[in-house]
Amino acid sequence: MRQYQLKETKEITKIICNRCGKETKVVSGIPKREMLHVEHTWGYFSGKDGESCSFDLCEECFDEITKGFLIPTECKDE
Ligand SMILES: [Zn+2]
Numbered sequence: 085m086r087q088y089q090l091k092e093t094k095e096i097t098k099i100i101c102n103r104c105g106k107e108t109k110v111v112s113g114i115p116k117r118e119m120l121h122v123e124h125t126w127g128y129f130s131g132k133d134g135e136s137c138s139f140d141l142c143e144e145c146f147d148e149i150t151k152g153f154l155i156p157t158e159c160k161d162e
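Going by the numbering used here, the first residue of the sequence shown is number 85, and it counts up by one from there.
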């Protein structure tokens, strides 16, 4: 006798930049272009207590957004 378990898997096939809509294919779990992914769950002292937010940005949109920062992002070579 053989018993089977039905398994469902989720695999990312593409990442879409939330700002410009540019699509990046993901093959075998590896994006064809570097993308920034942000996930955050807001805490008690915010107006969004318990709300989770996430978004993805392409490098060009990251550059455009961070260019508007009063204090520049801290970047270093790894
Ligand atoms: Zn973009």
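All C-beta atoms, glycine included, are put in the ideal place defined by N, C-alpha and C.
Inter-residue Cα distance where the pair is residue i and residue j
i    : j    : result
C101 : W126 : 22 Å
I96  : V111 : 8 Å
Check: residue i C-beta below 8 Å from any heavy atom of ligand 1
i    : result
R103 : yes
E118 : no
K98  : no
K106 : yes
C137 : no
Short CB-CB distance (under 9 Å) between residue i and chain D
i    : result
I149 : Within the model displayed, chain D is absent; a lone protein chain is all it includes.
Beta bridge counterpart(s) of residue i as assigned by DSSP
i    : result
C142 : M119
Residue i (DSSP reduced to helix, strand or coil)
i    : result
E148 : helix
- Query: Between the segment 139 to 156 and the segment 92 to 109, are three or more C-beta pairs nearer than 8 Å?
  - Reply: yes
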